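Working notes, structure below.
There are 2 protein chains.
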Amino acid sequence: MSKPVFKLNGRVWIETNNEKILGHGRVELLERIQASGSIRQAALQMKMSYKQAWDLVNHMNDMFETPVVTSQRGGKGGGSAVVTGHGVKVIEQFHALQKKLQEFLDDNLHLIQL
Amino acid sequence: MSKPVFKLNGRVWIETNNEKILGHGRVELLERIQASGSIRQAALQMKMSYKQAWDLVNHMNDMFETPVVTSQRGGKGGGSAVVTGHGVKVIEQFHALQKKLQEFLDDNLHLIQL
DNA sequence: TTGCGTTATATAAATAAAAACATAACGAAT
DNA sequence: ATTCGTTATGTTTTTATTTATATAACGCAA
């Protein structure tokens with residue numbers, strides 16, 4: 001094998017009692033719900049089943065004291081979902097975190113010299 | 001639900017062409033091989049099957065230009081495995097990385113105020 | 001030369017995770 | 001009242017992952 005080029009990568013997430021409640025994927029889901037106003041559309045965009053998306057949203061709502069998404073069924077368009085103010089804060093804070101992580105990864109790539 | 005306590009957690013790993021080749025679990029495996037001189041014992045300690053451990057070792061050896069573990073079968077004790085000098089370097093560098101990551105997590109916990 | 005414990009490898013079985021499918025509830029619009 | 005598209009939820013099926021099982025190779029020691 002010719003000398004490969006190594007990359008440093010990483011992830012951060014938020015957990016409570018060892019249970020992951022917010023990470024990269026869930027935040028993307030929130031953003032897409034925010035943009036589309038629909039859990040279904042967000043799920044389609046991320047190529048996951050509606051059920052899986054709904055379960056994730058439901059789980060987040062359960063874990064946070066204040067829900068991150070509210071939704072209603074029926075009505076114009078069949079129903080809708082909106083990211084709450086709290087949800088927006090969650091997204092923003094996670095973004096700040098990810099930005100920091102990227103800096104960290106860039107800063108520490110030099111540590112590996114394999 | 002009563003107000004939960006949130007923790008910030010994370011992982012880093014080394015990859016090449018989007019394929020993970022070294023992370024937290026594999027490094028622990030290397031360390032246990034180093035300590036026990038046996039892939040089997042390391043696997044038992046980590047409660048994984050011998051096959052899985054062997055596959056991981058094999059994969060690492062394939063990805064690095066120099067193997068991280070060498071092994072021989074037969075002989076006293078039935079066989080043995082040793083972590084190479086290169087493997088030791090890999091372990092050390094990853095440890096340095098993990099230490100930095102922990103500092104990062106500690107330093108940035110304040111960013112989340114959910 | 002037989003037994004032992006391990007490496008090395010393949011295949012089968014079992015579990016777990018994900019996807020697919022089905023169906024009810026809902027309210028606006030027609 | 002019926003249609004529509006979505007939320008909400010459970011169940012079934014499929015796929016992927018993990019574990020278990022089996023077997024050969026090996027070299028030392030008895």
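Residue numbers (UniProt numbering), protein chains in the order written: chain B, 1 to 114; chain S, 1 to 114. We put the beta carbon where it would ideally sit given N, CA and C, even for glycine. The structure displayed is predicted, hence computed values, not measured ones.
Report task. Ignoring anything shorter than 4 residues or poking outside the stretch 27 to 83 of chain S, list the alpha helix (DSSP H) runs there in chain order. Result -> 39 to 45, 50 to 63
Report task. Report the rounded CA-to-CA distance for S/F6 versus S/R73, giving the unit in angstroms. Result -> On the second sequence, residue 6 of chain S is found 6 positions in, with the first residue counted as 1. On the second sequence, residue 73 of chain S is found 73 positions in, with the first residue counted as 1. Roughly 48 Å between the two C-alpha positions.
Query raised in the report: Looking at the C-beta of S/P67, does it have a partner C-beta in chain B at a distance below 7 Å?
Result: As a position in the second sequence, residue 67 of chain S is number 67, starting the count at 1. By the rule that beta-carbons nearer than 7 Å mark a contact, S/P67 does not touch chain B.
Query - Beta-carbon contacts of residue 165 of chain S that lie in its chain and below 7 Å, excluding the five residues immediately before and after - result: Outside the shown range of chain S, which is 1 to 114, sits residue 165 of chain S, and nothing can be said about it.
**Report entry** S/Q10: contacting residues in chain B (beta-carbon distance under 8 Å)
**Finding:** Taking the first residue of the second sequence as position 1, residue 10 of chain S is located at position 10. Reading the sequence as shown, one finds Gly at residue 10 of chain S and not Gln. Result: G10, R11, V12, W13, L101.
Report task. Indicate the three-state DSSP secondary structure (helix, strand or coil) for S/I14 in the structure shown. Result -> Within the second sequence, residue 14 of chain S is the residue found at index 14, counting from 1. Correct three-state label for S/I14: strand.
Query raised in the report: If we ignore side chains and look at the alpha-carbon of each, how far apart do B/K69 and B/A42 end up?
Result: Mapped onto the first sequence, residue 69 of chain B falls at position 69. Mapped onto the first sequence, residue 42 of chain B falls at position 42. Correcting the residue identity first, residue 69 of chain B is Val in this sequence and not Lys. About 13 Å.
Report task. Could you tell me whether any Cβ in chain B is nearer than 7 Å to the Cβ of S/I112? Result -> Mapped onto the second sequence, residue 112 of chain S falls at position 112. At a cut-off of 7 Å between beta carbons, S/I112 contacts chain B.
Requested in this report: Taking 8 Å as the threshold, find out whether the stretch 4 to 18 of chain B comes into contact with the stretch 14 to 21 of chain S through three or more Cβ pairs.
Outcome: yes
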